[in-house]
Every structure is written in C-alpha cells, then in structure tokens.
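Single-structure report; data block below.
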C-alpha cells in the first residue's frame, strides 16, 4: 500500500519534471531564435552549451523514469532475482535524481552567483561602457531584474527578452526542486522495499 502510494507520487513528480524540462528546453531554443531573429546580442560561454545538454537530458531521463515507474506499478516491480528484492528501481531513481539535482544546481547556482552581475544597474553600466547591450543568455539571470525598468524599457524588444530570461530562470528552479523531491521519495521507496524484503520470507 505504502509502496504503491510512493510510486504514484514519484510518477507524478517525474511527469511534472518531464513537462517542466521539455518546456524549459523549448523556451531556451525559443530565446535563441528570438534573439537571433531580432539581432540581439547574448553571451556564449561554457554554461550556454552546458544548458543545451542538461535541459533535454533532463526531459529524456524523466520520461524514461516515468516509463520505469509505470512498469513497476503495473508489473509489481522487479523480481527479487533480477532486482535485488525490488531495490533496483529505487536505486536507479535515487542515482539519476541526485545526479540531475547536482547538474541543475550548477545552473541555478549561477543565477544566484551572478546576481550582482545581472542587476539592472550593472547592466546599464556595461551598456554605457561597451555601447552595446549584451543579454546574459549564457549566464545566470537574476530573478530580481525588473523588466519594466531601464535598460529593458529603453531597448527595442528589451521587455520581451527580459521576460523570457526570467521565465527560464524560474523554471530552472522548479526543475531543481522536482529532482530534489524525486531523490527524497526514492530514498523513502528504497527504505520501504528494504523493510518489506526483510519481513517477507526469502
């Protein structure tokens, strides 16, 4: 009973993770298309390419784990012979979840780390110094930025570009939280399966 409830919660979290990661990937691609179409300059560093790998990987991995979860629910989970008493799936889920949590933490960490580099005042100073406004697509974008304030209101397409970056930053935090929750539920599921395997005769 408890195992079934945990599997259901895990399935819900993974479905939400798949949708959030898929939307985040599409949004990231949409940002690039929008910036290129409107000739808006943006940064391209290692984090820019790192995001291109992690976001679709997150969606693909979440979908794969959803299918495994449904199989575990419908088929009663792995047998004791092939799944170490049913511990195989929780172990895989926990491993994948903690890895993806760490990878998303890198992305979100740069949003916090670069908070001082992407505030409106610094963006304005950089624009005045270089004469060109460069959007931090390849860096972390602070959620504290106000799209209705300068310099975004003074630049063509500035408000829309800012809102896209804010949406991307917000969804990244959601993805991080969902993977972290999946890891916690994977640990609970592992404990439940371990306890059940000790009670049941071999």
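Residue numbers (my numbering): 73 to 274. No residue lacks a Cβ here, since even glycine has one placed at the ideal position from N, Cα and C.
N-terminal and C-terminal residue of the alpha helix (DSSP H) that residue i is part of
i	result
residue 164	160-185
residue 93	74-109
Cβ-Cβ separation, residue j to residue i (assumed contact under 8 Å), whole Å
i	j	result
residue 244	residue 180	5 Å
residue 257	residue 85	7 Å
residue 115	residue 208	5 Å
Selection from the options that minimises the alpha carbon distance to residue i
i	options	result
residue 246	120, 83 and 93	93
residue 136	104, 239, 83 and 216	83
residue 143	227, 218 and 76	76
residue 221	110, 114 and 233	233
residue 98	124, 166, 74 and 254	124
residue 91	74, 130, 102 and 100	130
Length of the line joining the Cα atoms of residue i and residue j
i	j	result
residue 126	residue 106	21 Å
residue 122	residue 128	11 Å
residue 217	residue 238	8 Å
residue 52	residue 183	With the chain represented from 73 up to 274, any question about residue 52 goes unanswered, as that position is not in the structure.
residue 113	residue 176	25 Å
residue 96	residue 118	18 Å
residue 212	residue 185	8 Å
residue 120	residue 255	26 Å
residue 88	residue 225	34 Å
residue 259	residue 159	10 Å
residue 250	residue 109	33 Å
residue 252	residue 227	38 Å
residue 214	residue 134	26 Å
residue 103	residue 236	7 Å
Beta carbon proximity, residue i to chain C, threshold 9 Å
i	result
residue 239	Looking at the structure shown, chain C is missing, and only one protein chain is on hand.
* Uninterrupted alpha helix (DSSP H) stretches inside the segment 209-274 (no shorter than 4 residues) -> 230-271
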